[in-house]
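FYI, the numbering used here numbers position 76 of the sequence shown as 76, with every residue one higher than the one before it.
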Amino acid sequence: MSDKTVTTMRMGYSVELTYRVNQPGADFLFNVQAASTGRQRIVRESLEISPSLPCQEYVDRDSSARLLRLRADIGTLIVRYGCAVDLTHAWDDPADVTQTSICNLPGEVLPFLYPSRYCESDRLSEFAHQHFATLPQGFTRAQTICDWVQQHVAFTARSSGGSTTAADTFASRQGVCRDFAHLMIALCRALNMPARFATGFDY
């Protein structure tokens, strides 16, 4: 019997972006619209683009991210978006969160086991196995990795850039939010736990 608790809450979000376009034919790609998922239902939303321009929307089938493309001419471009969403949260008892063996994982999560540009799990594999492989699988192991990163990496503004990887953060022991996430992801993947980067809003 699971101790999972389910709750629903409504959350509002709005953003206004203003750009000064100095060259004609400037291409924009926005990721500001709320996603519609099994646990997030859009109750209402509005999108205003000034001046009015033709745009294309693309929904990523894996992440449900909604991308908006448009081309603007010289002048001021303003994009306003607002929404209200109903979020259905589910909490599990950490003691019940187990680790699934690779042979039983859903196929769609297998790519999140591989090393990637920012999360070189292969380069951190030896360290991960030395420090975490003897821990119980599941939530305990993941939480211990999270705690280790929090305790051994200093949050330092402007200490990293767009090319900083998990291995860089591991070596320097400093970074910003994304660097903490990349290092945690890489260490989890090194121990055959699918992990990926996700973004959202806290409340």
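Built from N, CA and C at the ideal position, the CB exists for glycine as well. Since we're looking at a predicted model, the values are computed, not measured.
>> Am I right that Ile185 and Arg173 are in contact with their C-beta atoms under 8 Å? What's the rounded C-beta distance?
In response: With 8 Å as the limit, Ile185 and Arg173 do not qualify as a contact, their Cβ atoms being about 17 Å apart.
> CA-CA distance, Met1 and Thr8?
Replying inline: Only weak support is given to the placement of Met1: the predicted model assigns it a pLDDT of 41, under 50, and the value that follows is read from those uncertain coordinates. So the two alpha carbons sit approximately 21 Å from each other.
>> Within a Cβ cutoff of 7 Å, which residues of the same chain sit near Arg66, ignoring the five residues on either side of it in sequence?
In response: Gln33, Ala35, Glu57 and Val59
>> Quick check: what's the CA-CA separation for Trp148 versus Leu47?
In response: 42 Å
>> Starting from Met11, trace the beta strand (DSSP E) in both directions and tell me its first and last residue.
In response: Thr5 to Val21
> Do the CB positions of Ile145 and Leu187 come within less than 7 Å of each other?
Replying inline: yes
> Between which two residues does the beta strand (DSSP E) carrying Glu57 extend?
Replying inline: Cys55 to Val59
>> Rounded to whole angstroms, what is the Cα-Cα separation between Met193 and Ala133?
In response: Distance between Met193 and Ala133, taken at the CA atoms: about 11 Å.
> Got a sec, what are the start and stop residues for the alpha helix (DSSP H) Thr98 sits in?
Replying inline: Segment: none, Thr98 is in no alpha helix (DSSP H) and carries neither H nor E.
>> As a quick exercise: from Arg20, Leu17, Asp96 and Thr18, pick the residue whose alpha carbon is nearest that of Gln137.
In response: Asp96
> When DSSP labels each residue in this structure, what does Phe139 get in the three-state scheme?
Replying inline: helix
> Is DSSP giving Met1 helix, strand or coil here?
Replying inline: Caution applies to Met1, whose pLDDT of 41 falls short of 50 and renders its modelled position unreliable; the value that the coordinates give is listed next. Three-state result, Met1: coil.
> Is it a yes or a no for the stretch 68 to 86 touching the stretch 110 to 119, going by three-plus beta-carbon pairs under 8 Å?
Replying inline: no
>> Relative to the C-alpha of Arg189, which candidate in Ala72, Leu113, Pro106 and Arg41 has its C-alpha closest?
In response: Leu113
>> Measuring only the C-alpha atoms, how far is Trp91 from His131?
In response: 28 Å
> How is Glu45 classed by DSSP in three states: helix, strand or coil?
Replying inline: strand
> Got a sec? Which residues, its chain only, sit under 8 Å from Gln40 by beta carbon, not counting five neighbours each side?
Replying inline: Ala34, Val85, Asp86, Leu87 and Thr88.
>> Which same chain residues end up closer than 6 Å to Ala26 when comparing Cβ atoms and leaving out the 5 residues on each side of it in sequence?
In response: Excluding its 5 nearest sequence neighbours in each direction, Ala26 has C-beta neighbours in its own chain below 6 Å: Ala72, listed in chain order.
> Given that a residue counts as buried once 16 or more other Cβ atoms are within 10 Å of its Cβ, and exposed if not, what is His214?
Replying inline: Given a span of 1 to 203 for the chain in the structure shown, any question on residue 214 remains unanswerable.
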